[in-house]
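Numbering (the numbering used here), first residue to last: 311 to 581.
Step one of this worksheet: look at the structure below.
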């Protein structure tokens, strides 16, 4: 694609299809598969080198930015709907969800080692959603204690049901309390912030006064082209945080690891 409007139409079409399928997902199980496939298309769209070049050319254009933001809102809504649908179907069918956890185990294992997460860790997972397989997989792999936080009360209740189904309810608990209200946060070793948490900077501001000096904050985010699928983290945090940035070229989100204090800044790119 070499023309702005060809790129713009691609963005608008993805947004339109996600919105239409989201509207029909409750009426047809088939739409769940279609919506999942369309989100897969978006995940490929935001890591495409060709689209990356288009973003370099047109990313500051007002129309491109407008419809990219609308696409992000559509994808965020679609992901939440899919998680709730999947959670409800799994619980109602009393399904075995070990295959979902098994699929995550290897990738999660690599992350756990790099983040220093082990059986003694105490983790707050912000934006865990209605189908919190990542949090449950971490608990199963390590035995760490995890509190999952989500502002959506329905997602919190669904998360509890999934935890009971996996037998991990003693390790993973759920709440919709604000970060600053969690007594658990003062002893947390790790805070994980999901890519679909919109107010990342506000959350970080709340965390600064309650986290220990040794605690790590792990943020998933997407800037530039990847902001169509994730809420961005555009602000330079080097004046307030010691951070390591992990950019994953072929993955639809990137990760930053923060600790208190301005002592070190590192950037790592994974292909």
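By construction, the Cβ of each residue, glycine as well, lies at the ideal position given by its N, Cα and C atoms.
Taking the alpha carbon of residue i as the point to measure from, which residue in the options has its own alpha carbon closest?
i: residue 441; options: 474, 328 and 332; result: 474
i: residue 439; options: 484, 379, 337 and 421; result: 484
i: residue 450; options: 429, 524 and 467; result: 429
i: residue 568; options: 561, 558 and 552; result: 552
i: residue 533; options: 399, 559, 527 and 549; result: 559
Once DSSP output is grouped into helix, strand and coil, what is the label at residue i?
i: residue 494; result: helix
i: residue 435; result: strand
i: residue 360; result: helix
i: residue 350; result: helix
i: residue 571; result: coil
i: residue 420; result: helix
i: residue 355; result: helix
i: residue 471; result: helix
i: residue 448; result: helix
i: residue 537; result: helix
i: residue 311; result: Note on residue 311: pLDDT 45, under 50, position unreliable in the model; the coordinate value appears next. Of the three classes helix, strand and coil, the one that applies to residue 311 here is coil, per DSSP.
i: residue 501; result: strand
i: residue 516; result: helix
i: residue 367; result: helix
i: residue 550; result: coil
i: residue 564; result: strand
Rounded to the nearest angstrom, how far is the Cβ of residue i from that of residue j, given a contact under 8 Å?
i: residue 456; j: residue 443; result: In fact, because the Cβ distance is near 12 Å, the residues do not count as touching under 8 Å.
i: residue 495; j: residue 520; result: 5 Å
i: residue 437; j: residue 507; result: 4 Å
i: residue 427; j: residue 500; result: 6 Å
i: residue 434; j: residue 459; result: 6 Å
i: residue 539; j: residue 385; result: 5 Å
Where does the unbroken alpha helix (DSSP H) through residue i begin, and where does it stop?
i: residue 385; result: 372-402
i: residue 478; result: Note, residue 478: premise wrong, no alpha helix (DSSP H); not H, not E.
i: residue 334; result: 314-334
The beta strand (DSSP E) with residue i in it runs from where to where?
i: residue 526; result: 526-531
i: residue 457; result: 455-459
Please decide whether residue i counts as near chain C, where near means a Cβ-Cβ distance under 8 Å.
i: residue 425; result: Absent here is chain C; the protein component of the structure consists of one chain.
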